[in-house]
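Visitor:
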Amino acid sequence: MDAEQLRIRDDLRGQLDGDVHCDDLFVQMYASDASIFEVPPLGVALPRHRDDVVAIVRYAAERGIPLFPRGAGTGLAGDSLGRGIVVDFSKHMRRIVSVGEDHVVVQPGVVLAQLNDRLARSGRMFGPDPANVEVTTMGSVVALDASGSRWPAYGSTRRHVRELEVVLADGQVTRLSQHVPDVDAERRDDPAGALAAGVADIIARHQHAIDERRTRSLVDRSGYRLHDLWKSNDADERGTIDLARLLVGSEGTLAIVTEATLATVALPEHTGSMLLFFTSLSGAAQAAAELSMHTLRACDLMDRRHLSLARESNPRYEFLIPAEAEAVLLVECGGESEEEVRQALREIEHLLVDQRRMASSSQLALDPFDSDILWQLARRYVPTLYRLRGSSRPVPFVEDIAVPPQALPNFLQKALETLRRHQVTASIFGHAAHGQLHIRPFIDLTDPQEVPKLRELAEELYGYTWEVGGTISGEHAEGYSRTPYAAGQHGPLMAAFREVKLLFDPRGILNPGKKIPADSVPLETPLRRVTFPLLDRLEVDDAPPQSSSLKRPPSSLIQLQLDWRPDEMTYAARMCNGCGACRTQEAESRMCPTFRPAPREEASPRAKANLARAILTGALPAGAVLEEAVKEVCDLCIHCHMCRLECPANVDVPKLMAEAKGSYVAVNGLRLHDWFITNIDVLCGYASRFPNIANWAIRSRWARWVIERTLGIAQGRKLPRFTRGPFLESSTQARLAKPNRDPGEKVLLFVDTFANFCDSQLAKAFVAVLEHNDVSVYIPDRQYEAGMPMISQGALGPARLLAERNVAMLSEAVRQGYTIVSTEPSAILALQREYAHLLGDDSDVRLVAENSMEATQYLWRLHQKGRLRLDFQPLEMTVGYHTPCHVKALEVGVPSVNLMGLIPKLDLRLIEKGCSGAAGLFGFQKKNYRTSLRIGLPLITELRKGGYRLGVTECSTCRIQMEQGASMATLHPVKLVALAYGLMPELRQLIDSPAQELVVR
């Protein structure tokens, strides 16, 4: 942090109720978005309300500091980047102010998907639907004049804006809508009237240029849209200027929006979709031009690359999309009845498939679920382009071209010829019904020879665009990508745009360099850092594992703690393209539990990937990974693996964070309370030796107060009782302590910490179920815990030692024909995935990983083989099943649901309400306890209100969290199976036992 940044931080912190950050770490998180650019700001301000925004603007205006409004930071053109103060509205200003019959009032940080969820209760929605609807904020929707696939039905945001509350460049607050120009108005007394007069004068003087430079494309948001601002007014013959409409699409360059009043539309009565398959991209473009004359809600074009990715990543698309398809059109129609929709789609099918023979075949979807599957092609598979391996990435730079629909086939042909001439591959996606094309060339930004191709492609493609009357910016921002080319499209009209900018922002502090080139902003904006000078300072850590309590002296070399090459790590960090999908809060997604309860950039997986990239590229010093500030951000990763699974680019953030935490711990050691968490197996071992004392302590409020202050375990957290002695020293284990060399089904029971010390009944139930099904069970006494708490906390040295011991024992058992099974999903995830990171590509590690299963997965596989007994007794009860994150991370589906579905009369309901919030031992620590409960609130609420007799889950800490928030018992599915077999009738007493205050059942 330099002197200027320090001054900005100290000055603004005294004026704002919100947050101000100017440190290098925080600044770096806001240095990039989903574009190819990287510009570290001077600082970041997160206002709580309008008065904070006023204070920020006045402070910046007095000192000439540029301001850059930001929502989710998912812009493709660098529209929220710049060397100044970034104003992030997404953390605090995200309130839906009011909902009317036909309109809504929102703050700029409201997420569009959440707004539509709220509006759906009254049968309404906001019409425009940009692609990243799950994370896009309404401030960005207004700033960019967002539209999306359904532009033919709803148009863009300009059509829906009614009034905007804004803070002007001098700090004045005003409300802009339609205003009568008043040449006598004083700016300080009537800013709206004065601005309307100024705009009216500019329009009058430049009317010829406005008419002459109008594009023929159906969509165009380049420059300032001046042609449709005059409105006739019956009350005043002079008419009005629609200033709200002017600000829509202005990218925050004229004023900062703090509240928007927007029109809503009724939810469509009936809709249906159809995929049309084509043997060539040009054929699909010609068909799209044909369909532009029809009444459609949407028509999207996708090329072969998108289809191949979809077929490879989802088996449903493998059956749905013919292998020979080179392109598809996704068409949507609406109507007052299902039959009307069916008829409209059949007419299109008859025209293109039967009559014109342009499409080879089609797939109709009238059911909402089937239609959603088709639309996932457009919504989810564009970002998956970043999964493609290699140094060349799909670059958003010329991705916003729009041409008249009838010109689309010829333009696309010229574009493809240009790409071939430059020897560049590209992906093509577009909203073909209104001529919008998203062309993303694959460019290696690490290669100085390839980077100039971006400018060369832009100049040629934009030339073709202007020839047919198109625009360089149809629905995304101009930002840094397209502002340098704006003069080529608008010519003399640029003078009018400069006057508009000067009228609203005389000092040029609002998002300078966007829309209008600024002298203070270089035309060549710095590209995102993708070269890695730190590679020469990274080395693989081949040293023997150390105890986490021993600190390693700092070295000039950065030692990698996990088994991967430096170039593999840097590639993993570079994979993040900034699309922001990890900021979603949608119920259908599990993405990032720590981000959901309090949305903030530092909690997002994207921020963590950006920090890793910043350190590796030298944007942050290498030693930053050893600092407390970086560790605090890394600790927001709870190692649930949901981001790895759901990230469109499959960025392995958990592995990056484990590496970062490991580096910190190797030098600084563990904090006291974290040390207790990593050594939970040892603590539980002592407790099980003295169960009477331990069980008294967890029930005693006085003792819990002491435990909270010494061990860091939250005083209000329910805890499990301890059994008398560990299961691994029980008579059941002693009976099964020797391996069986006979053929047949054989299982090695890998006993986790919870089953060993707190729930030996679970281990016994699983043994009983296995023996009931004639499965031979082996329980070696010299097995160790899996070590997942150590891995998640960064104590990788001790974890590696555990992994070596477990792999040595388990691999030998596998060679004897045993399958390794555990009732704890986290233990199996450690065996299948984490041990390979700790120990490397070793044959024994692979052998263990390939032969390890979670308990219900094993039983369901037994059923698939026809070897599971089905002599279940009926269980007449309604149970709610929660899928733990680590079961999802195993990528085996929901075997527990399948297994419990075999039990007669069991009413099993799958609860999809996100993470429980326990997150291993994360939710047990005092510092995380409240956050844990906020994360798990949707699940807990459903358990309380859903009418369930019983909760069911595989994860031990999820079970504790579920009993923490709901009065009913929660069991492992294996116990339910044992009860249904009649093996353990005492489990009914557990189900009916009353809840206790500080102890789980």
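Numbering-wise (the numbering used here), the sequence shown opens with residue 3 and increments by one.
Glycine is no exception: its CB is placed at the ideal position from the N, C-alpha and C atoms.
Please list the terminal residues of the continuous alpha helix (DSSP H) segment that includes H774.
Guide: Taking the sequence shown and counting its residues from 1, one reaches residue 774 at position 772. Residues S762 to H774.
Visitor: Kindly provide the ranges of any alpha helix (DSSP H) runs that are 4 or more residues long and lie completely inside the region 910-958, ordered along the chain.
Guide: Runs found: 931-947.
Visitor: Which same chain residues end up closer than 6 Å to H675 when comparing Cβ atoms and leaving out the 5 residues on each side of it in sequence?
Guide: Translated into positions along the sequence shown, residue 675 becomes position 673. Contacts found: G714.
Visitor: Quick check on the burial criterion: 16 or more other C-beta atoms within 10 angstroms. Buried or exposed for G125?
Guide: To locate residue 125, count along the sequence shown from 1; it is residue 123. Exposed, by the Cβ-count rule.
Visitor: Short of 8 Å in beta carbon distance, which residues of its chain neighbour L463, apart from the five on each side in sequence? Order them along the chain.
Guide: On the sequence shown, residue 463 is found 461 positions in, with the first residue counted as 1. Excluding residues within five positions, the ones whose Cβ falls inside 8 Å are V400, I403, A417, T420 and I441.
Visitor: Which term fits S37, buried or exposed, when burial requires 16 or more other beta carbons within 10 angstroms of its beta carbon?
Guide: Mapped onto the sequence shown, residue 37 falls at position 35. Buried, because 16 or more other Cβ atoms sit within 10 Å of the Cβ of S37.
Visitor: Do F444 and S394 have their C-beta atoms within less than 8 Å of each other?
Guide: Here residue 444 refers to the residue found at position 442 of the sequence shown. Here residue 394 refers to the residue found at position 392 of the sequence shown. The answer is yes: Cβ separation under 8 Å.
Visitor: If I measure Cβ to Cβ from L764 and keep anything under 7 Å in the same chain, skipping five residues before and after, which residues do I get?
Guide: As a first step, residue 764 is located in the sequence shown; it is residue number 762 there, counting from the start. Here the set comprises A757, T825, H974, V976 and K977.
Visitor: I believe L298 touches P154 by the beta-carbon criterion, under 8 Å. Please report the beta-carbon distance rounded to the nearest angstrom.
Guide: Within the sequence shown, numbered from 1, the residue matching residue 298 stands at position 296. Within the sequence shown, numbered from 1, the residue matching residue 154 stands at position 152. Confirmed, about 5 Å.
Visitor: Write down the C-beta distance between I511 and G66 rounded to the nearest angstrom, noting that I regard them as a contact closer than 8 Å.
Guide: On the sequence shown, residue 511 is found 509 positions in, with the first residue counted as 1. On the sequence shown, residue 66 is found 64 positions in, with the first residue counted as 1. Right, the Cβ-Cβ distance comes to about 7 Å (below 8 Å), so this counts as a contact.
Visitor: My guess is that A982 and Q875 are in contact by the Cβ rule of under 8 Å, so how many angstroms apart are they, rounded?
Guide: On the sequence shown, position 980 is the one that residue 982 refers to. On the sequence shown, position 873 is the one that residue 875 refers to. With a Cβ gap of about 6 Å, A982 and Q875 count as contacting.
Visitor: Output the distance between the C-alpha atoms of L910 and A621, rounded to the nearest integer angstrom.
Guide: Your numbering for residue 910 matches position 908 in the sequence shown. Your numbering for residue 621 matches position 619 in the sequence shown. Roughly 52 Å between the two C-alpha positions.
Visitor: Taking all protein chains shown into account, decide if D12 is buried (16 or more other Cβ within 10 angstroms of its Cβ) or exposed.
Guide: As a position in the sequence shown, residue 12 is number 10, starting the count at 1. Label assigned to D12: exposed.
Visitor: Please go through the region 325-412 and give each complete beta strand (DSSP E) segment of 3 or more residues, from N-terminal end onward.
Guide: If we require 3 residues or more, the beta strand (DSSP E) runs fully inside the region 325-412 come out as 329-337 and 363-367.
Visitor: Could you give the distance in angstroms between the alpha-carbon of P782 and the alpha-carbon of Q735?
Guide: Position 780 of the sequence shown holds residue 782. Position 733 of the sequence shown holds residue 735. Going from the Cα of P782 to the Cα of Q735 covers about 8 Å.
Visitor: Are P514 and A520 closer than 8 Å when you measure CB to CB?
Guide: In the sequence shown, residue 514 corresponds to position 512, counting from 1. In the sequence shown, residue 520 corresponds to position 518, counting from 1. Contact flag set, yes.
Visitor: Please classify S551 as buried or exposed, where buried requires at least 16 neighbouring CB atoms within 10 angstroms.
Guide: In the sequence shown, counting from the first residue as 1, residue 551 sits at position 549. For S551, the pLDDT reaches just 44, beneath the cut-off of 50, and the residue's location in the model is therefore unreliable, although a value from the coordinates is still provided. By the 10 Å Cβ count, S551 comes out exposed.
Visitor: Since W232 sits in a beta bridge, which residues does DSSP pair it with?
Guide: If you number the sequence shown from 1, residue 232 lands on position 230. According to DSSP, W232 bridges with I243.
Visitor: Where do the N-terminal and C-terminal ends of the beta strand (DSSP E) with A583 fall, by residue?
Guide: Stepping through the sequence shown from its first residue, residue 583 is reached at position 581. That residue, A583, is in no beta strand (DSSP E); it is neither H nor E in DSSP.
Visitor: With a 10 Å radius around its C-beta and 16 neighbouring C-beta atoms as the bar for buried, classify I695 as buried or exposed.
Guide: As a first step, residue 695 must be located in the sequence shown, where it is residue number 693. So I695 ends up on the exposed side.
Visitor: Thinking just about the alpha-carbon of each residue, which of R306, L1000, D25 and T260 is nearest to the one in N697?
Guide: One-based indexing of the sequence shown puts residue 697 at position 695. Taking only the C-alpha atoms, the option nearest N697 is L1000.
Visitor: Tell me the rounded alpha-carbon separation between W566 and R871.
Guide: Translated into positions along the sequence shown, residue 566 becomes position 564. Translated into positions along the sequence shown, residue 871 becomes position 869. Whole-angstrom Cα-Cα distance: 44 Å.
Visitor: On a Cα-Cα basis, can you pick out the residue from R484, E40, L353 and V823 that is closest to L456?
Guide: Looking up residue 456 in the sequence shown gives position 454. Nearest option by C-alpha distance: R484.
Visitor: Alpha carbon to alpha carbon, what distance is there between E661 and W707?
Guide: Position 705 of the sequence shown holds residue 707. Position 659 of the sequence shown holds residue 661. Each residue's alpha carbon lies about 34 Å from the other.
Visitor: Kindly indicate the opening and closing residues of the alpha helix (DSSP H) around V55.
Guide: Numbered from its first residue, the sequence shown carries residue 55 at position 53. Segment R52 to R65, the alpha helix (DSSP H) holding V55.
Visitor: Here's the rule I'm using: 16 or more other beta-carbon atoms within 10 Å means buried, otherwise exposed. How should T427 be labelled?
Guide: For the purposes of this step, residue 427 is identified with residue 425 of the sequence shown, where counting begins at 1. Under this definition T427 is an exposed residue.
Visitor: Give me, in chain order, the residues of the same chain whose beta-carbon lies closer than 6 Å to that of L439; leave out the 5 immediate sequence neighbours on both sides.
Guide: Counted from its first residue, the sequence shown places residue 439 at position 437. The residues are I403 and G432.
Visitor: In this structure, does DSSP put P547 in helix, strand or coil?
Guide: Position 545 of the sequence shown, counting from 1, holds the residue named residue 547. Because P547 carries a pLDDT of 44, less than 50, the predicted location of this residue cannot be relied on, and no value is offered for it.
Visitor: Mind checking which residues open and close the beta strand (DSSP E) that includes K22?
Guide: Looking up residue 22 in the sequence shown gives position 20. Note that residue 22 corresponds to Val in the displayed sequence, not to Lys. D21 to H23 is the extent of the beta strand (DSSP E) around V22.
Visitor: Can you list, in chain order, the residues of its chain with a C-beta nearer than 8 Å to that of R726? Leave out the 5 residues immediately preceding and following it.
Guide: Reading the sequence shown from its first residue, position 724 is the one you call residue 726. Cβ within range, chain order: S690 and P693.
Visitor: I believe L303 touches A329 by the beta-carbon criterion, under 8 Å. Please report the beta-carbon distance rounded to the nearest angstrom.
Guide: The sequence position of residue 303 within the sequence shown is 301, counting from 1. The sequence position of residue 329 within the sequence shown is 327, counting from 1. With 8 Å as the limit, L303 and A329 qualify as a contact, their Cβ atoms being about 7 Å apart.
Visitor: What did DSSP end up calling R869 once you bin it into helix, strand or coil?
Guide: Working through the sequence shown from its first residue, we reach residue 869 at position 867. Correct three-state label for R869: coil.
Visitor: Indicate the three-state DSSP secondary structure (helix, strand or coil) for Y860 in the structure shown.
Guide: For the purposes of this step, residue 860 is identified with residue 858 of the sequence shown, where counting begins at 1. Helix, per DSSP.
Visitor: How would you label V113, buried or exposed, when you count the other beta carbons within 10 angstroms and need 16 or more for buried?
Guide: Here residue 113 refers to the residue found at position 111 when the sequence shown is read from its first residue. Under this definition V113 is a buried residue.
Visitor: Within the chosen definition, does the region 632-644 reach the region 881-894 through at least 3 CB pairs nearer than 8 Å?
Guide: In short, these stretches touch, since the Cβ pair count reaches three.
Visitor: In chain order, what residues of the same chain lie with their CB nearer than 6 Å to the CB of A300, ignoring the 5 residues before and after it?
Guide: The residue labelled residue 300 in the question sits at position 298 within the sequence shown. Correct list, in chain order: S151, R152 and E334.
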